[in-house]
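Per mature numbering (1 follows the signal peptide of the UniProt record, and there is no 0): the sequence shown = residues -21 to -1, 1 to 783. Everything below concerns the one structure shown next.
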Amino acid sequence: MDLYKTTLLLGALLCTAAVFGDIQDNYSKTEGAWIISLRRREYAVNSLEECGAKCDTETNFVCKSFMYIEKDTECWTAEDNSKTERVMRRASAALYENKAYLLECANGLGTDYRGTKARTTTGRTCQRWSGTVPHVPNFTPVSHPMADLVSDFCRNPDSDVNGPWCYTTDSTKRWETCGVPDCSEECIYCSGEDYRGKISTTASGFKCQNWDSQKPHTHGYNPATLTDKNLEVNYCRNPDGEPKPWCLTTSLSKRWEYCDIPQCTSPQPTVTPELTCASDEGRAYRGTIATTVSGKTCQPWSSQIPHKHNRAPENYPCGGLENNYCRNPDNEKMPWCYTTDPEVRWDYCQIPTCGGSARPDQPVIPTEEDNCYVGDGTAYRGTTSETISGKKCQAWAAMTPHSHSKTQETFPRADLQRNYCRNPDGDRAPWCYTTNPSVRWEFCDLEKCPSVVAPPQLPDPIPSVTTTVTESIPERDCRVGSGGTYRGSTSMTSAGVTCQAWSSQVPHKHNRFIPQMHPQLGLDRNYCRNPDDDVNGPWCYTTDRSKKWDYCQIPECAVNCGMPPIKPKRCFGRIVGGCISKPHSWPWQISLRTRGGIHFCGGTLIHPQWVLTASHCLESSKLPAFYKVVLGIHRESAIAMSKQEKQLVKLILEPSGADIALLKLSTPARINDKVLPACLPERDYVVPSRSQCHVTGWGETQGTGGEGILKETGFPVIENKICNRPSYLNGRVKAHEMCAGNIEGGTDSCQGDSGGPLVCYTQNKFVIQGVTSWGLGCANAMRPGVYARVSHFVDWITETIATN
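Structure, rendered in structure tokens:
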């Protein structure tokens, strides 16, 4: 080839803006996203399809993306996409990017390559196509407008047989090829975390199981939830930090196996090292700290003494596994290392955090406003990290799957910690970027806090009463149970008599239910209330001098499972370390007791007359008369007026011997705002790995306080494949069981919590996914708790309830 690459462009270049087929097949959609491109055009259209057609046939420039607002039928075509322009948030908008321009590999000669590689095969930096220093180019954006010669990205405007190239910034080397990988080449970079090929056979020849299937092996790698892991069909992938891609197999004898995919021959991606601190999960940390948080010296990564492992430098070529320095090669929550102590296999390291943001492992104490916000939520500092549609929030420090500018550095006063919902830019409510690549951002699953209003003054103030403020609860046109939480505006009795104001002493004097004395009871104006938990429902003092008080006609709400009227804290403290629950915020929690009243196990109300618990809780006796169930309590002492005590008429153990059992109550529980069933999961549903779930109980706290009060904790679910690793529970966890807990310990259920619920919040309700079963000690490092997987037994549960 001529030294100055003067070969003329032969024929027309491939026009990648040609008409494509279905938009869904050819465009990547991102909800809530918008870009500002220097070259763009607005069109009047009537549908999404018309807008896509405008991009397909655009003649003013190469259309790489289009934006569409359905409500306004607003359509914009653009020369740029998310690779070249910053993506911004915009409500109701959707960004559609042509998939051909998102590829980082080349098809054939790579004339249609539109990736962002800007370095040659020898590592030279590319010169901008519009530049003239150090080389005056023959191919420029002006001379070849359809060749997409933008920035300094490698391109192939002249169909060079060696693929995409660029002019270099080295004055001694005019141009050089870039070594862009072939799209048809099946190879991996690093440990294959970004492998998107189509190999679907393991190293031993086993066919891979589809990721969206639970047969023959159940698993927590759900494509619908782990949207950033690209778990397509049955292709080999690496979603959990293994040394290379793998898959579940279709063989009953082999649960999973690695796939035999070679390393790519082109240079590995470069990592910008962080030498003194760690961002997010610390994947880029390359400092020299070699001591764990417990003070133990790290074992060299290349050594197998004292601990044998596969986290060796050759298995993680991009992990920076030098000497014995702390690293995070496999998607842990922070840098770690194997230790030189034979009794402690591995431990986390204490690495300073870049930018001063909170580490994911740091305990957070939620405030009482954790589940609501005031005004536009700019001051919200709670720990909710889920959107209104149930999507998990992306960490503010992370740039994947969505890159953005809302960071702790640019918004230092916005408290952009972890992936908590916030409102850094003054939107109408707290929001977050989502972990779903197709949905850039959403508002969060939060309600506005009740407004604070001053109660009316008493005609004759009582000196001993301190004037306070009272929170009004959003109006409801119906009551739950006896209506203790009713805050509607009905102000007339069943007989049609107007209610007397609670703050008034005319016509009836009273001193028991006065707003200033009971600000939490919602005694606003003359609205019907139930301040004394009257079993017959809300009432009021009347304006009829001959009738001091009377009941109100308030219809009962349709009660839904898993939706407690009193929102839980949902704190992620530790049940053994102590986060005391809000009273009655987990209304399905029951106390299983001996007939003498001694609490020894927990359980979950799943039906007005049925409780789910662990089989091992019933080892003392198989006679129902030996036990009783207490519902509607917050303290183990069970002296609350809301208490319901039930005898048992049946104990039914799961027939295959699994640690799960059903208890039939002598009479149905009275469902109200303090006693409510949890929802059952879908049959055979597997909770995705790292989903945050919650355990409650009155169990052993090991002297950390809060004894005798219902406590809660939240922690992530751990996929069985990981939980069964030799360093954790070493193959002890069965398919009908599940793991949950923090690998470093400190958070767990314990003795006395057995049989209690592990619930996960999804689709705006709490679903019981696990029954507390067993563990190796309480809150020990690398010993997560094990729970009976409820979804595995749904058929048995529903059939048992129906036939007994």
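Heads up, the beta-carbon is just placed ideally off N, CA and C, and yes, glycines get one too.
Going by DSSP, Cys30 is part of the alpha helix (DSSP H) stretching over 27 to 35. Contact between Trp589 and Leu641 holds: CB atoms are separated by about 6 Å, below the 8 Å threshold.
Taken in chain order, the whole alpha helix (DSSP H) runs of length 4 or more contained in the region 56 to 105 number zero. Nearest neighbour of Cys169 by Cα position, chosen from Arg397, Arg262, Phe579, Val674, turns out to be Arg262. Going by beta carbons, Lys744 and Gly541 fall inside the 7 Å limit. Counting along the chain, Thr777 sits inside no beta strand (DSSP E); it lies in the alpha helix (DSSP H) bounded by residues 773 to 782. Within the DSSP secondary-structure output, Gly575 pairs in no beta bridge. At a Cβ-Cβ threshold of 7 Å, Cys166 and Ser179 do not count as neighbours.
The Cβ neighbour count for Met620, taken over all protein chains shown within 10 Å, is under 16; the residue is labelled exposed.
Proximity to Pro380 across Cys658, Asp173, Ser525, Val514 peaks at Asp173, based on C-alpha coordinates. With respect to the 7 Å criterion, Cys718 and Val765 are classified as neighbours on the basis of their beta carbons. For Ile697, the enclosing beta strand (DSSP E) begins and ends at 690 to 697. In this structure, Cys531 sits near Thr472, with a CB-CB distance shorter than 7 Å. Pro544 is positioned such that its CB atom lies closer than 7 Å to that of Asp652. Between Thr104 and Arg98, the CB-CB gap stays under 7 Å.
Annotated as proximal: Gln329 and Val272, with beta-carbon spacing under 7 Å. Across the structure, Glu778 and Glu661 are spaced so that their CA atoms are roughly 14 Å apart. Sixteen is the threshold: when 16 or more other Cβ atoms of the shown chains lie within 10 Å of the Cβ of Ala637, as they do, the residue is buried.
In the DSSP assignment, Ile48 falls within the beta strand (DSSP E) that extends over 44 to 48.
Per DSSP, reduced to three states, the secondary structure at Leu395 is coil, with no helix or strand assignment. For the pair Leu205 and Pro195, the CB atoms are not nearer than the 7 Å cut-off. Using a Cβ distance threshold of 7 Å, Asn141 and Thr156 count as a contacting pair.
The alpha carbon of Glu49 has as its nearest neighbour, out of Arg69, Pro120, Pro308, Cys536, the alpha carbon of Arg69.
The three-state reading of DSSP puts Leu584 in strand, counting E and B together. A distance below 7 Å separates the beta carbons of Pro160 and Cys243. Membership of Gln3 in the alpha helix (DSSP H) is indicated by the continuous run 2 to 5.
The C-beta distance from Thr363 to Glu421 rounds to 12 Å, too long to meet the 8 Å contact threshold. Rounded to whole angstroms, Gly581 and Thr56 show a C-alpha spacing of 59 Å. According to the DSSP assignment, Arg768 belongs to the beta strand (DSSP E) that extends over 764 to 768.
In this structure, the beta-carbon distance from Cys457 to Pro510 does not fall below 7 Å. Secondary structure at Lys385: coil, using DSSP grouped into helix, strand and coil. In this structure Leu597 touches Leu630 by the C-beta definition: roughly 6 Å separates them, less than 8 Å. Judged by DSSP in its simplified three-state form, Ala714 adopts coil rather than helix or strand. For a cut-off of 8 Å, the C-beta gap from Lys607 to Gln626 is around 6 Å, short enough to register as a contact.
Across the set Asp503, His114, Glu253, Ala377, the C-alpha of Ala377 shows the shortest separation from the C-alpha of Asp207. Cα atoms of Lys96 and Pro136: separation of roughly 15 Å, rounded to the nearest angstrom.
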